[in-house]
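Chains as they are written, first to last, in this note's numbering: chain A, 1 to 114; chain B, 115 to 228.
Glycine included, C-beta positions come from ideal geometry on N, C-alpha and C.
From a predicted model like this one, the values you see are computed outputs, not experimental measurements.
Below: one structure, written as structure tokens.
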């Protein structure tokens with residue numbers, strides 16, 4: 001069974017600070033997706049990374065996929081109150097038998113205070 | 115237009131009752147999912163259907179029975195509801211991809227069993 005561990009589980013910071021969320025596993029994933037979920041809504045995709053070592057930037061958000069495709073990080077620069085939400089990483093399985101399945105991490109609840 | 119829709123949004127019922135949650139997607143995807151999100155926000159896969167065929171069936175009590183009348187719909191019927199079934203249930207859809215396709219989530223159904 002593939003597992004993804006996210007850290008920290010909770011993060012409360014002041015507006016303008018930087019932060020990093022980590023997603024780690026002992027398993028190799030074919031892809032790594034990051035989602036953000038706001039209260040009362042379903043998760044919404046932020047980014048997908050598929051190549052080991054890949055770095056993608058989305059405005060103030062930087063996503064990295066580990067070289068061995070076992071881990072990923074999300075870095076937010078100069079956090080804003082609008083960044084508040086639950087951040088979920090999700091790994092795509094390797095091999096035909098995994099199908100279209102995603103394994104989700106436990107989530108990081110980020111609160112950005114004004 | 116809503117991509118993935120679920121009804122109802124809220125469901126409050128007594129222990130022992132039977133209830134259904136409906137899900138529809140208009141994205142033309144061939145794979146649909148049901149997830150359960152508990153109070154700790156962990157998103158756990160329950161079922162997955164590809165072209166109306168069940169492909170993922172996690173360790174879910176057989177009181178839960180998914181039904182896919184066509185590729186655009188995946189309904190979830192729950193018999194003999196228990197207190198522990200209280201959670202938010204999310205429907206999602208994606209294209210079938212071996213590496214794990216991007217999943218689009220519905221707004222969730224908050225089920226409360228009294």
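Using a beta-carbon distance below 8 Å, is residue i in contact with chain A?
| i | result |
| --- | --- |
| residue 208(B) | yes |
| residue 221(B) | yes |
| residue 170(B) | yes |
| residue 211(B) | yes |
| residue 216(B) | yes |
| residue 188(B) | no |
| residue 226(B) | no |
| residue 141(B) | no |
| residue 155(B) | yes |
| residue 192(B) | no |
For residue i, which residues in the same chain have their Cβ closer than 6 Å to its Cβ, ignoring the five residues on either side in sequence?
| i | result |
| --- | --- |
| residue 178(B) | 192 |
| residue 157(B) | 149 and 151 |
| residue 17(A) | 79 |
| residue 43(A) | 35, 37 and 88 |
| residue 131(B) | 195 |
| residue 162(B) | 147, 169 and 170 |
| residue 104(A) | 88 and 90 |
| residue 202(B) | 151, 222 and 224 |
| residue 124(B) | 224 |
Determine whether the Cβ of residue i lies closer than 8 Å to any Cβ atom of chain B.
| i | result |
| --- | --- |
| residue 110(A) | no |
| residue 102(A) | yes |
| residue 33(A) | yes |
| residue 88(A) | yes |
| residue 5(A) | no |
| residue 53(A) | no |
| residue 38(A) | no |
| residue 107(A) | yes |
| residue 41(A) | yes |
| residue 58(A) | no |
Using CA atoms only, rank isn't needed, just tell me which of the options is closest to residue i.
| i | options | result |
| --- | --- | --- |
| residue 196(B) | 118(B), 225(B) and 159(B) | 225(B) |
| residue 116(A) | 74(A), 64(A) and 106(A) | Only positions 1 to 114 of chain A appear in this structure, which leaves residue 116(A) out of reach. |
| residue 129(B) | 170(B), 155(B) and 199(B) | 199(B) |
| residue 12(A) | 27(A), 79(A) and 45(A) | 79(A) |
| residue 170(B) | 217(B), 189(B), 143(B) and 147(B) | 147(B) |
| residue 22(A) | 8(A), 15(A) and 14(A) | 8(A) |
| residue 186(B) | 142(B), 126(B) and 116(B) | 142(B) |
| residue 15(A) | 93(A), 60(A) and 53(A) | 60(A) |
| residue 27(A) | 113(A), 109(A), 45(A) and 5(A) | 5(A) |
| residue 204(B) | 140(B), 155(B) and 144(B) | 155(B) |
| residue 41(A) | 227(B), 220(B) and 215(B) | 220(B) |
| residue 218(B) | 127(B), 138(B) and 183(B) | 138(B) |
| residue 119(B) | 189(B), 216(B) and 183(B) | 189(B) |
| residue 216(B) | 24(A), 3(A) and 50(A) | 50(A) |
| residue 159(B) | 24(A), 3(A) and 72(A) | 3(A) |
| residue 107(A) | 227(B), 153(B), 182(B) and 126(B) | 153(B) |
Report all residues from its chain with a CB closer than 7 Å to the CB of residue i; omit the five preceding and five following residues, and keep chain order.
| i | result |
| --- | --- |
| residue 38(A) | 85 |
| residue 62(A) | 55 and 75 |
| residue 112(A) | 13, 15, 79, 80, 81, 83 and 84 |
| residue 101(A) | 93 |
| residue 165(B) | 144 and 185 |
| residue 48(A) | 31 and 33 |
Tell me which residues share the same chain as residue i and place their Cβ nearer than 8 Å to its Cβ, disregarding the 5 neighbours each side in the sequence.
| i | result |
| --- | --- |
| residue 122(B) | 135 and 223 |
| residue 19(A) | 11, 13, 75, 76, 79 and 110 |
Item to complete: Please determine if the segment 16-34 of chain A and the segment 199-209 of chain B are in contact, where contact requires at least 3 C-beta pairs separated by less than 8 Å.
Response: no
Discussion item. Using a Cβ distance threshold of 8 Å, determine whether the segment 63-73 of chain A contacts the segment 167-183 of chain B, with at least three qualifying pairs required.
Written reply: no
Worksheet item: What runs of the beta strand (DSSP E), each 3 residues or longer, lie entirely inside the segment 64-91 of chain A?
Response: 71-76
Worksheet item: Which runs of the beta strand (DSSP E), 3 residues or longer, sit entirely within the segment 185-219 of chain B?
Response: 187-192 and 201-208
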